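The structure appears below as structure tokens.
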Amino acid sequence: MSIVIEPAVLEDALAGGVLIGIATAGLLLVNGRIAGISGIMAGATGGQSRLWQWAFLLGLVAAGIAAAPLGYALPAALSRQPLSVLALAGLLVGFGTRLGNGCTSGHGVCGIAQLNPRSMLATGIFMLVAGLTVFVTRHLLGHG
186 MSIVIEPAVL EDALAGGVLI GIATAGLLLV NGRIAGISGI MAGATGGQSR LWQWAFLLGL
246 VAAGIAAAPL GYALPAALSR QPLSVLALAG LLVGFGTRLG NGCTSGHGVC GIAQLNPRSM
306 LATGIFMLVA GLTVFVTRHL LGHG
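Taking the numbering used here, the leading residue of the sequence shown gets 186, the next gets one more, and so forth.
This is the structure we're talking about:
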């Protein structure tokens, strides 16, 4: 079995990675804050929210909304799933970020860049669980 990745997909992934890097570096340079989305969300919805937290979260939502008119389609894996499955997946991810004391952006992007051992371990666990989930759902349960 060979995997073929379309050049346009690689270009989109590269552009997305560059934008994540710019946003992460910008937040660190301007506010001295780590771009951990779960931490930003917890701070925004907690007792002492800051305007920058809401602006960052609004930017994430606005980017998603702006993607369709710019010609970016919803990933096929998401468009084939019922809303109930996506909602459950979101809740499980939220639970995992609380359990892991951080998310893929905080640990995977910022923490690894700082060579933080805890972030490296957390990201390794995220990736292992993601790989196992894909294997189980696609090969053992026959979905996807």
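For each residue, glycine too, the CB sits at the ideal point set by N, CA and C. As the structure is a computational prediction, the values presented were derived from the model and not from experiment.
Approximately 20 Å separates the beta-carbon atoms of G309 and G224; this is outside 8 Å, ruling out the contact. A residue is called buried once 16 or more other Cβ atoms fall within 10 Å of its Cβ, and V294 is buried on that count. Between the C-alpha atoms of L236 and L317 there is a straight-line separation of about 38 Å. If you look at V278, you'll find it in the alpha helix (DSSP H) that goes L268 to L284.
Remark: C-beta atoms of G285 and A307 approach each other more closely than 8 Å. Put simply, the backbone Cα of C288 is about 9 Å away from that of G279.
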